[in-house]
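One structure is given below, encoded as structure tokens.
There are 2 protein chains.
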Amino acid sequence: MASVSLHGLEGLPLVQPGDDLPALLGDALDGAGLRPADGDVLVVAQKIVSKAEGRLRRLADVVPSPRALELAEVVRKDPRLVEVVLSESREVIRAVPNVLIVEHRLGFVMANAGVDQSNVEGDEEVALLLPEAPDDSCRRLREGLERRYGVRLPVVMNDSFGRPWRNGVTGVCIGASGLPTLLDRRGAPDLFGRPLRITEIAVGDELAAAASLVMGQAGEGIPAVLVRGLRLDRQDQGGPDQTATALLRSRQHDLFR
Amino acid sequence: MASVSLHGLEGLPLVQPGDDLPALLGDALDGAGLRPADGDVLVVAQKIVSKAEGRLRRLADVVPSPRALELAEVVRKDPRLVEVVLSESREVIRAVPNVLIVEHRLGFVMANAGVDQSNVEGDEEVALLLPEAPDDSCRRLREGLERRYGVRLPVVMNDSFGRPWRNGVTGVCIGASGLPTLLDRRGAPDLFGRPLRITEIAVGDELAAAASLVMGQAGEGIPAVLVRGLRLDRQDQGGPDQTATALLRSRQHDLFR
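So the protein lines, in turn, are chains A and B. Just add 183 to wherever you are in the first sequence, counting from 1, and you've got our numbering. Just add 183 to wherever you are in the second sequence, counting from 1, and you've got our numbering.
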């Protein structure tokens, strides 16, 4: 029987800038009695990676530009927060009251460039940015944990995105190392031997969403999930090691800007 | 430890129009030794529901309208298929070569109104439509299985959708009965006691995506997944029983048409 299990890692301490995240995650895995095995995938919430990497910006230190002041009036947000969002963005995609959708400098189309004020300890006036290079962060986490356990352990970083046309947020892959994020099924036959019409499966995003089910979204209670039983090696027809960039549609194929 | 397991149901026979799907799913659950328990959720692939409900359209019987002929030239698809798509749609959202995105009559913004030619047995010239009313289909499946097992068994129907800005498809909830599809977290405090900024979680879509990981997408090999260990009762702050309609963003809140 094809079974996949998702194990939430509880009991991580509140992550602080400079923390050794592979060590904290390894200790949490050990504490939960979960010894990673080949075939497992670890999904880690963006928030704890950003915190460990010190991606905090004190809003008191931010001086909004004229453009941020203007945009802040449109979207009814703190101009200093808008300044931080713009500093993380290539382009504003939509700006209406309470909604600011941008293309993040890494290519993600998302609200507020992923800049978040919730769940940052202490001062309300602190913003948490996405990691500088989430794919690299995943690679470092993977390498650290692979050294510790002596197995392959692909790592995915997830965040919560809203979507056009649909209510609510879902978990989305914003970083990855060691696994295919976009399965290429071109040429694979269906049950009746015809080529499949659906050719690419965003398995990185499906992993991110599945982990998000376990994480809940109420904070850092469960900031990492070990996924066990996925047979990516058998499914994979594409590259064995893709980053989250493989999930980004190129501008020329995009119909919704 | 918070753990969720996803159990793929293999060994279902190829579903035919008129088949008693609750009976087939129940037999597959029994065959896998999976006795549903309170707290479980069953995710069922759209294809087998559409087939059981006989939602097949022989293209040989379809006469394309002038509008379908015109649109077919733009999108480079079979005019008869385009006619079927239009008959299932309220509005064309985007039409370019090889891409036809519509608002389905049920409100889903999706490619080809969910009309699919793959994995339909026998004749290449047959199109498979979405169920007439997927939420009702889920309710009937749920009631049938709840009678059989004497437990609550929420049912979600999933399909694969492409997304703006991102490559590949992911599992999406197009029908539901017996569970919250959109968790309302408004007012829930984060770890530091502040109200959460992210207020609604599309748990129906996250369940659909998680199940899709197990189903793979290569056909009907695994057309249903039993999800065990999700604590929706504890998370739920909204209604306990929502349909897939709760996941549809209203037109006035939509920025991407």
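Backbone N, C-alpha and C fix where the C-beta goes; we use that ideal spot for every residue, glycine too.
(request) Determine the extent of the alpha helix (DSSP H) in which Leu-328/B is found, giving its start and end residues. (result) Note, Leu-328/B: alpha helix (DSSP H), 317-332.
(request) For the beta strand (DSSP E) containing Ile-231/A, list its first residue and its last residue. (result) Ile-231/A -> not in any beta strand (DSSP E); alpha helix (DSSP H) instead, spanning 229-235.
(message) Taking 8 Å as the threshold (C-beta atoms), are Ala-393/A and Glu-383/B in contact?
(response) no
(request) Take the Cβ of Val-408/A as the centre, count every other Cβ of all protein chains shown within 10 Å, and call the residue buried at 16 or more, exposed below. (result) buried
(message) According to DSSP, is Val-386/A part of a helix, a strand, or is it coil?
(response) helix
(request) Could you confirm whether any beta carbon from chain B is found closer than 8 Å to the beta carbon of Arg-330/A? (result) No, its Cβ sits nowhere closer than 8 Å to a Cβ of chain B.
(message) Rounding to the nearest angstrom, what Cα-Cα distance links Asp-202/B and Ala-294/B in this structure?
(response) 28 Å
(message) Quick check: Asn-350/B and Leu-365/A, are their CB atoms within less than 8 Å of each other?
(response) yes
(request) Output yes or no for whether 8 Å exceeds the beta carbon distance between Thr-428/A and Gly-290/A. (result) yes
(request) Kindly indicate which residue of Pro-363/B, Glu-308/B, Gly-345/B and Val-339/B has the alpha-carbon position closest to the one of Ile-357/B. (result) Of the candidates Pro-363/B, Glu-308/B, Gly-345/B and Val-339/B, Val-339/B places its Cα closest to the Cα of Ile-357/B.
(request) Please say whether Val-268/A and Val-285/A have beta carbons closer to each other than 8 Å? (result) yes
(request) With DSSP as the reference, label Glu-447/A as helix, strand or coil. (result) The structure shown does not extend to residue 447/A, since chain A is modelled only from 184 through 440, so no value can be given for it.
(request) Closer than 9 Å by beta-carbon distance: list the chain B residues that pair up with His-190/A, in chain order. (result) Met-184, Ala-185, Ser-186 and Val-187
(request) Could you check what DSSP says for Leu-225/B in three-state terms: helix, strand or coil? (result) strand
(message) Below 7 Å on C-beta distance, what does Ser-395/A contact in chain C?
(response) Annotation note: the requested chain C is absent from the structure, which comprises protein chains A and B.
(request) At 7 Å on the CB atoms, spell out the chain B contacts of Pro-249/A, in chain order. (result) The premise fails here: Pro-249/A is roughly 25 Å from chain B at the closest Cβ pair, so nothing lies under 7 Å.
(message) Helix, strand or coil, according to DSSP, for Leu-365/B in the structure here?
(response) coil
(request) Would you check if the distance between the CB atom of Pro-337/A and the CB atom of Arg-322/A is smaller than 8 Å? (result) Contact flag unset, no.
(request) Go to Ser-433/B, then tell me how far its beta strand (DSSP E) extends in each direction, as first and last residue. (result) No beta strand (DSSP E) contains Ser-433/B, which DSSP labels as neither H nor E.
(request) Using a cut-off of 7 Å between C-beta atoms, extract the partners of Leu-430/A located in chain B. (result) For Leu-430/A, the neighbours in chain B by C-beta distance under 7 Å run, in chain order, Arg-349, Asn-350 and Gly-351.
(request) Consult DSSP for Asp-210/B and reduce its assignment to one of helix, strand or coil. (result) In the structure shown, Asp-210/B sits in a helix (DSSP, three-state: H, G or I).
(message) Could you compute how far the alpha carbon of Ser-188/B sits from the alpha carbon of Asn-341/A?
(response) Annotation: Ser-188/B to Asn-341/A spans about 19 Å, alpha carbon to alpha carbon.
(request) Output, in chain order, the set of chain A residues within a Cβ distance shorter than 9 Å of Glu-308/B. (result) Within 9 Å Cβ-Cβ: nothing; Glu-308/B doesn't reach chain A, min ~12 Å.
(request) Report all residues from its chain with a CB closer than 6 Å to the CB of His-190/B; omit the five preceding and five following residues, and keep chain order. (result) Leu-217 and Leu-409
(message) Short of 7 Å in beta carbon distance, which residues of its chain neighbour His-436/A, apart from the five on each side in sequence? Order them along the chain.
(response) Only residues of its own chain outside the window of five on either side were considered, and among them none has a CB closer than 7 Å to the CB of His-436/A.
(request) In the DSSP assignment, find the alpha helix (DSSP H) that holds Glu-286/A and state where it starts and stops. (result) It is not in any alpha helix (DSSP H) - Glu-286/A instead sits in the beta strand (DSSP E) that spans 282-287.
(request) Can you give me the Cβ contacts of Arg-331/A inside the same chain, cut-off strictly under 6 Å, excluding the 5 residues immediately before and after it? (result) Gly-209
(request) Alpha carbon to alpha carbon, how far is Ser-343/A from Val-386/A? Give it in angstroms, no decimals. (result) 16 Å
(request) Note the first and the last residue of the continuous beta strand (DSSP E) segment covering Ser-360/A. (result) 349-360
(message) Can you tell me where the alpha helix (DSSP H) holding Arg-263/A begins and where it ends?
(response) Element bounds for Arg-263/A: 262-270.
(message) My assumption, with CB atoms under 8 Å, is that Ser-311/B sits in contact with Leu-207/B. Please give the rounded CB distance.
(response) As written in the sequence, residue 311/B is Leu, which differs from the Ser given in the question. Wrong, their Cβ atoms sit about 17 Å apart, outside the cutoff.
(request) For Ile-405/B, go through chain A and note every residue whose CB falls closer than 7 Å to its CB, in chain order. (result) Ordered by position in chain A, the residues that pass the 7 Å Cβ test against Ile-405/B are Ala-185.
(request) Measure the alpha-carbon distance for Leu-362/A versus Gln-425/A and round it to whole angstroms. (result) C-alpha separation (whole angstroms): 6 Å.
(message) Taking CB distances under 8 Å as the criterion, tell me whether Arg-277/A reaches chain B.
(response) yes
(request) Using 10 angstroms around the beta-carbon of Gln-418/A, count the other beta-carbons present and answer buried if the total reaches 16, otherwise exposed. (result) The pLDDT assigned to Gln-418/A is 48, lower than 50, so where the model puts this residue is not dependable; a value taken from the coordinates is nonetheless given after this. Burial state of Gln-418/A is buried, judged by a 10 Å Cβ sphere holding 16 or more other Cβ atoms.
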